[in-house]
Each structure stands twice: as structure tokens, then as C-alpha cells.
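Here is the structure we will look at, set down as C-alpha cells.
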Amino acid sequence: MSASMAEPITAYTPNIFLNNASMPKLTGNETIIYYALDSFNRATKAYELLDHLRPAGINAIPTVYRALNGLMKKGLVRYITTTQTYITLSEVCIEDDEERIFFVCSNCSHVSTVEADDVVDELQANAKATGFTIRAKNMEIIGLCPVCKAKKT
Ligand SMILES: [Zn+2]
Numbered sequence: 001m002s003a004s005m006a007e008p009i010t011a012y013t014p015n016i017f018l019n020n021a022s023m024p025k026l027t028g029n030e031t032i033i034y035y036a037l038d039s040f041n042r043a044t045k046a047y048e049l050l051d052h053l054r055p056a057g058i059n060a061i062p063t064v065y066r067a068l069n070g071l072m073k074k075g076l077v078r079y080i081t082t083t084q085t086y087i088t089l090s091e092v093c094i095e096d097d098e099e100r101i102f103f104v105c106s107n108c109s110h111v112s113t114v115e116a117d118d119v120v121d122e123l124q125a126n127a128k129a130t131g132f133t134i135r136a137k138n139m140e141i142i143g144l145c146p147v148c149k150a151k152k153t
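The opening residue of the sequence shown carries number 1 in our numbering; numbering runs sequentially from there.
Written as C-alpha cells, this is what we have:
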């Protein structure tokens with residue numbers, strides 16, 4: 001499981017992506033919420049985003065969820081199931097077809113990713129062998145990021 005894994009990369013490279021000509025067309029609220037979410041530099045809860053955006057005139061949680069859903073459909077945002085938070089994705093995550101494992105810090109909600117093609121291939125082979133059909137892959141590992149780990153030792 002370890003030999004072929006790349007070094008962890010950050011899930012955030014917003015400026016590179018937003019200057020990219022392949023950026024999908026966003027609605028006004030999607031643009032505001034994308035930048036706001038990205039500014040947190042960590043996975044963020046929808047209600048936290050709402051509080052952050054009230055000065056910008058966004059006052060209703062359905063507005064936030066609608067924009068987040070649009071951003072997820074466009075491949076710009078990912079929902080982290082285990083912490084019920086959202087993160088922006090870098091163009092690295094979007095433009096390749098590699099499978100990724102998300103490392104989620106339970107202390108500060110920072111998210112990093114590693115490529116996991118081999119892990120997924122192995123899981124799919126094991127699933128096939130047992131007759132199991134995989135429908136969704138939420139590969140999230142909860143732990144402590146290096147910064148939080150350093151603070152606790
Ligand atoms: Zn942390």
C-alpha cells in the first residue's frame with residue numbers, strides 16, 4: 001500500500017486554478033462561495049461559510065448549499081463526509097483521473113491528499129472477488145496533520 005504512493009500534496013492551489021482557461025463557468029454565488037471557501041485554507045462547514053458570507057449579502061443556508069452543490073458538480077469542491085465539511089480542489093485533483101485518499105486532520109480540518117491508484121485497484125479486485133459492487137468511494141482517513149501533531153508533542 002505504500003511503495004507507489006506519492007508525497008502528500010496540498011488540496012489547495014486556488015490562484016493557479018482560477019487563472020486557468022479551463023475554469024468552468026460559475027454563477028455569481030458560486031464564485032463568491034468558491035473564493036470564500038478557498039480563503040479558509042481548510043475544510044469548512046456550510047454554516048461557518050454562511051457566517052463568513054453574511055457581510056457579502058448571503059444570508060440563507062440554502063443559498064450556500066445550492067452554490068456548494070453546483071461547485072461539486074463542476075469538480076471544484078469536495079464534500080468531506082467524515083467531518084461534514086467542504087474543501088476546494090486543486091487543478092491537480094480535477095484534471096487527472098487518479099484516485100486519491102484524503103487525509104483529514106480531526107483537530108484543524110486541514111485536508112491533504114495522496115494518489116491511491118494501486119490501493120483502489122486492489123480494493124476493486126477484492127470487491128470483485130467477493131461479488132461486491134462498489135458504488136461510491138469516500139476514502140477519508142482521520143488523524144492529525146503535521147502542524148497539530150507538533151503542537152501536541
Ligand atoms: Zn491539524
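Backbone N, C-alpha and C fix where the C-beta goes; we use that ideal spot for every residue, glycine too.
Asked	Found
Figure out for me which residue from K128, N107 and E99 has the closest Cα to the Cα of A116.	E99
Can you find a heavy atom of ligand 1 that lies under 7 Å from the Cβ of A107?	First, the amino acid is wrong: residue 107 is Asn here, not Ala. Checking the Cβ of N107 against ligand 1 gives yes.
Helix, strand or coil, according to DSSP, for S112 in the structure here?	strand
In terms of alpha-carbon separation, which member of G57, R54, K137 and L71 lies closest to P24?	L71
For a minimum of 4 consecutive residues, which ranges assigned as the alpha helix (DSSP H) are wholly contained in the segment 23-57?	28-40 and 46-53
Within its chain, find whatever has a CB closer than 6 Å to the CB of K74; leave out the 5 residues flanking it on each side and keep chain order.	P24
Could you give the first and the last residue of the continuous beta strand (DSSP E) run that contains I61?	Element bounds for I61: not the beta strand (DSSP E) but the alpha helix (DSSP H), I61 to K73.
Would you tell me roughly how many angstroms separate the C-alpha atoms of V111 and V104, rounded to the nearest one?	5 Å
Give me the Cβ distance between T85 and T44, rounded to the nearest whole Å; I'm assuming they're in contact under 8 Å.	6 Å
Using three-state DSSP, classify C145 as helix, strand or coil.	coil
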